[in-house]
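Visitor: Sharing a structure with you now.
There are 2 protein chains.
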Amino acid sequence: MNHNEYMTKVGQKARAASSILAAAEAAQKNQALATIAALLIEKTTWLQTENAKDLQAGKEKGLDDAMLDRLTLTAQGVENMADGLRQIAALADPVGEINDLSYRPSGIQVGKMRVPLGVIGIIYESRPNVTADAAALCLKSGNATVLRGGSEAIHSNKAIALCVKEGLEAAGLPGECVQVLESTDRALVGELLRAQEYIDVIIPRGGKGLIERVSKDSLIPVIKHLDGICHVYVDAEADLAKASDVAFNAKTHRYGVCNAMETLLVSESVAVEFLPEVAARYATKDVELRGCEKTCAILTDCKTATDEDWGEEYLAPVLAIKIVDDMADAIQHINRYGSHHTDTIMTQDYSKARQFLRQVDSSSVMVNASTRFADGFEYGLGAEIGISTDKLHARGPVGLEGLTTLKYIVLGDGHIRQ
Amino acid sequence: MNHNEYMTKVGQKARAASSILAAAEAAQKNQALATIAALLIEKTTWLQTENAKDLQAGKEKGLDDAMLDRLTLTAQGVENMADGLRQIAALADPVGEINDLSYRPSGIQVGKMRVPLGVIGIIYESRPNVTADAAALCLKSGNATVLRGGSEAIHSNKAIALCVKEGLEAAGLPGECVQVLESTDRALVGELLRAQEYIDVIIPRGGKGLIERVSKDSLIPVIKHLDGICHVYVDAEADLAKASDVAFNAKTHRYGVCNAMETLLVSESVAVEFLPEVAARYATKDVELRGCEKTCAILTDCKTATDEDWGEEYLAPVLAIKIVDDMADAIQHINRYGSHHTDTIMTQDYSKARQFLRQVDSSSVMVNASTRFADGFEYGLGAEIGISTDKLHARGPVGLEGLTTLKYIVLGDGHIRQ
Chain A
290 MNHNEYMTKV
300 GQKARAASSI
310 LAAAEAAQKN
320 QALATIAALL
330 IEKTTWLQTE
340 NAKDLQAGKE
350 KGLDDAMLDR
360 LTLTAQGVEN
370 MADGLRQIAA
380 LADPVGEIND
390 LSYRPSGIQV
400 GKMRVPLGVI
410 GIIYESRPNV
420 TADAAALCLK
430 SGNATVLRGG
440 SEAIHSNKAI
450 ALCVKEGLEA
460 AGLPGECVQV
470 LESTDRALVG
480 ELLRAQEYID
490 VIIPRGGKGL
500 IERVSKDSLI
510 PVIKHLDGIC
520 HVYVDAEADL
530 AKASDVAFNA
540 KTHRYGVCNA
550 METLLVSESV
560 AVEFLPEVAA
570 RYATKDVELR
580 GCEKTCAILT
590 DCKTATDEDW
600 GEEYLAPVLA
610 IKIVDDMADA
620 IQHINRYGSH
630 HTDTIMTQDY
640 SKARQFLRQV
650 DSSSVMVNAS
660 TRFADGFEYG
670 LGAEIGISTD
680 KLHARGPVGL
690 EGLTTLKYIV
700 LGDGHIRQ
Chain B
290 MNHNEYMTKV
300 GQKARAASSI
310 LAAAEAAQKN
320 QALATIAALL
330 IEKTTWLQTE
340 NAKDLQAGKE
350 KGLDDAMLDR
360 LTLTAQGVEN
370 MADGLRQIAA
380 LADPVGEIND
390 LSYRPSGIQV
400 GKMRVPLGVI
410 GIIYESRPNV
420 TADAAALCLK
430 SGNATVLRGG
440 SEAIHSNKAI
450 ALCVKEGLEA
460 AGLPGECVQV
470 LESTDRALVG
480 ELLRAQEYID
490 VIIPRGGKGL
500 IERVSKDSLI
510 PVIKHLDGIC
520 HVYVDAEADL
530 AKASDVAFNA
540 KTHRYGVCNA
550 METLLVSESV
560 AVEFLPEVAA
570 RYATKDVELR
580 GCEKTCAILT
590 DCKTATDEDW
600 GEEYLAPVLA
610 IKIVDDMADA
620 IQHINRYGSH
630 HTDTIMTQDY
640 SKARQFLRQV
650 DSSSVMVNAS
660 TRFADGFEYG
670 LGAEIGISTD
680 KLHARGPVGL
690 EGLTTLKYIV
700 LGDGHIRQ
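Chains as they are written, first to last, in the working numbering: chain A, 290 to 707; chain B, 290 to 707.
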């Protein structure tokens, strides 16, 4: 069986399973999630044995410590996976929800019903826990899943997938609701991205290279996250104590995350007062500062930023700083150099807050809050499969609702069009 | 200037205009729409002179009567265009609407704001009125537009576009909010479909060939409508008088529309009673019937359907008829052969209605109503740019809301992530 035939077979099974899953009641899906969680715990030792094969192969291939660390499945890691599944089971089921059902002048009632997308293809790297997390979110939202993990985690992923299959079947659902591709041959990814007859949406999770490659090659719509170049703008009317706290938190709370601030914009009128104070706080964390000319004139320990710095996602203790004329200048900078992810204004001025919220073209726009809040859990989605920087369909943190769509429903009593 | 340079210039202008338009208030957009409507009426004679050039060229190229008819701009046609613009002006502005703003445990408030998509590319054929209709819907929803009409309508389209530009500028908005591509060279369409830096979504309007080509070549997300293979299923528990009315209306009210019924499914238990009666009504309209074997055994004046008939969008007085075992059989047929557009069950049974609504995977699912109701006006959207058979983003009739997206907004008071 060649890759194309194999993918067709997987796709057909996924499509068939998705119809059953779409009609499944919440209790059955929750039972499956609970059973999978229990199975993962029960089989911790076996999962770790399988994981050890991947770690061994990884060491032989010379993977670095950070990659091996991401690949490792500890007993605590298995516990966390199981916990994640139980949390997803506890969320409300979005499928079947009917909204805005109202009578039209013709006498028909028109409304919208939330329904699964169908079959979701997930392409990811390293971390084996994605196998369980992604499968669980798709399952709860009524979607069948085709998973393609990295070759370095194939034994771990297959082992987790076996627990998922067993749990699904124990709950009376088809095991094919979640399928992990057998081979990690790269050509098979190509087949997956061209299987538009069977797959409704592709979600890539991993580094920028993977996401760009998937977006470029996919014939199927992609929900993706590219860069997180987030800004905090400290306005002339900011409460500078709050601004300092937020600017410090947004940069230093965690460095390697997409919602960390990468560029600090400061209104010229408060720069002399604000910058030295916040720079001293950054110094305690050894954050490297790269400022515009005006910034460097105020701060002594500051490198000169180049134009590239404004479009850089450092994911590191590095911060670009620019002094801007006013809010309009800040908004222009954000919409031009940012990645439409998350941007904050610090201001006590009502009108400016209102304008900033409207005019900044990002998936999350904030007033007086740290960019670090851009997150499915903080927003109350319960869980997230990623943060979309796309505009269509899902924008910002994507939870269960982002994995569904709305169809129209119409109720009549023999109504005909006149 | 080659096509690529030209497209870059158009794209940059569109992007710049879209920022201004996104922040424009409803009153200003409505004023532009009203002014454009007045200008179209005022310049009717000139529009018809320009239109005559297209008609002359069309006759020389040997376009058939139907195509020339679609191309013709009558005085009444101009009136209708202007009316359409005034109706769009009267609709509520969806932009800036804030929903679900609520406090989270951290103390921040999280909600969603409806915002424009940005720049919309529209690729269409023949009918010059699309130039005004599409531009108006995009304008009201705060999006800049790049229009590429057919070569056969270039003079008409450019003339309408000039009125649009003049109206925009009179209202203080950039004329570049709506741009019509100068050249109708096919290679320029390719450039448009690759301009993902400047265009956020592509909407093709026209025949299936155009839509398939655009979907295949576009690097930009496409909102599209492919087939309308709609079904009416007459259930064992149907009120047969209502079923006859709906089945007759869904087929014969208009033939060439996407929401006309193409296949009638009838439960075996009522087929002998139902089919001869409804067939007699179809006979009054000379509708050609193509039935499964069982149907042909009941109806005398009925051709035998082939497997191709179940997947055919006739757009003509032709109807495929199939007798099914039960509702499950009907749902399976619809999900397999249908185009996920619009499907109806005729039944008086509560549980079956509930199951059909949940299990049929179409953009509109109906109970006891004609498929002909699947329409933006009937659904209360006020106007529609098309009916999407996609699942992501917009599904079913697409009105102003489908041309917008939601961003998250977060309000805090110096809140930081712990």
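Backbone N, C-alpha and C define an ideal beta-carbon position, used for all residues, glycine too.
This structure is a prediction, so every number in the text was calculated from the model and none was measured.
#1: Measuring only between beta-carbons, confirm whether A/Y668 sits less than 8 Å from chain B.
#2: Where does B/S391 sit, in a helix, a strand or coil, going by DSSP?
#3: Quick one: Cα of A/C547 to Cα of A/N291, how far?
#4: Can you check whether the CB of B/H704 is closer than 8 Å to the CB of B/G710?
#5: For B/Y571, report the span of its alpha helix (DSSP H) as first-last.
#6: Taking the beta strand (DSSP E) that B/K611 falls in, what are its first and last residues?
#7: Rounded to whole angstroms, what is the Cα-Cα separation between A/G691 and B/P394?
#8: Show which residues of chain A have a CB atom less than 8 Å away from the CB atom of B/Q648.
#9: Within the same chain, show all residues whose beta-carbon is closer than 6 Å to that of B/L700, passing over the 5 residues directly before and after it, in chain order.
#10: Give the DSSP-derived three-state secondary structure of A/D632 in the structure shown.
#11: If you run the structure through DSSP and keep just helix, strand and coil, what is B/Q621?
#12: Check whether the Cβ atoms of B/N657 and A/D516 sit closer than 8 Å, and answer yes or no.
#13: In terms of residue numbering, what span does the beta strand (DSSP E) encompassing A/E601 cover?
#14: In the DSSP assignment, find the unbroken alpha helix (DSSP H) run with A/R647 in it and report its ends.
#15: Measure the C-alpha to C-alpha separation of B/V511 and A/G456 and round it to an integer number of angstroms.
#16: Kindly confirm or deny that the region 616–633 of chain B and the region 517–535 of chain B touch, where touching means at least three C-beta pairs closer than 8 Å.
#17: Using a Cβ-Cβ distance cut-off of 8 Å, determine whether B/P510 contacts chain A.
#18: My guess is that B/K696 and A/G685 are in contact by the Cβ rule of under 8 Å, so how many angstroms apart are they, rounded?
#19: What residues from the region 402–424 of chain B come within 8 Å of chain A, judged by C-beta to C-beta, listed N to C?
#20: Mind checking which residues open and close the alpha helix (DSSP H) that includes B/Q485?
#21: Apply the 10 Å Cβ neighbour rule to B/N388 and answer buried if 16 or more other Cβ atoms are within range, or exposed otherwise.
#22: Mapping the DSSP letters down to three states, classify A/H514 as helix, strand or coil.
#23: Using a C-beta to C-beta distance shorter than 7 Å, which residues of chain B count as neighbours of A/T694?
#24: Beta-carbon separation of A/I449 and A/T420 under 8 Å?
#25: Given a limit of 8 Å on CB to CB distance, which residues of the region 654–666 of chain A reach chain B?
#26: Output, in sequence order along the chain, the residues in the region 513–537 of chain A whose CB is closer than 7 Å to any CB in chain B.
#27: Who are A/S677's beta bridge partners in DSSP?
#28: Within 10 angstroms of the Cβ of A/K641, are there 16 or more other Cβ atoms? Answer buried if so, exposed if not.
#29: Between B/R375 and the rest of its own chain, which residues show a CB-CB distance below 6 Å, the 5 nearest in sequence each way excluded?
#30: Which first and last residues belong to the alpha helix (DSSP H) in which B/R543 is found?
#31: Counting Cβ pairs, one atom from each stretch, are 3 or more of them under 8 Å apart for the region 652–672 of chain A and the region 501–511 of chain A?
#32: Taking Cβ-Cβ distances shorter than 9 Å, what residues in chain B pair up with A/N432?
#33: By the 10 Å Cβ neighbour count, where 16 or more other Cβ atoms means buried, how is B/Q707 classified, buried or exposed?
#34: Is the region 406–418 of chain B touching the region 492–499 of chain B in the sense that three or more CB pairs, one from each, lie closer than 8 Å?
#35: Between the alpha carbons of A/E557 and A/E582, how many angstroms are there, rounded?
#36: Tell me whether A/L390 is buried or exposed, calling it buried when 16 or more other Cβ atoms sit within 10 Å of its Cβ.
Guide: Taking the structure as given:
#1: yes
#2: strand
#3: 39 Å
#4: It is not possible to answer for residue 710 of chain B, since the shown part of chain B is limited to 290 through 707.
#5: 557–572
#6: 607–613
#7: 22 Å
#8: S308, A311, A312
#9: Q398
#10: strand
#11: helix
#12: no
#13: Note, A/E601: premise wrong, no beta strand (DSSP E); not H, not E.
#14: 639–648
#15: 38 Å
#16: yes
#17: yes
#18: 7 Å
#19: M402, V404, L406, G407
#20: Note, B/Q485: premise wrong, no alpha helix (DSSP H); not H, not E.
#21: exposed
#22: coil
#23: K680, L681, R684
#24: yes
#25: V654, M655, V656, N657, A658, S659, R661, F662, A663
#26: D528, K531, D534, V535
#27: A/G685
#28: buried
#29: A326
#30: No alpha helix (DSSP H) contains B/R543, which DSSP labels as neither H nor E.
#31: no
#32: Within 9 Å Cβ-Cβ: nothing; A/N432 doesn't reach chain B, min ~11 Å.
#33: exposed
#34: yes
#35: 12 Å
#36: exposed
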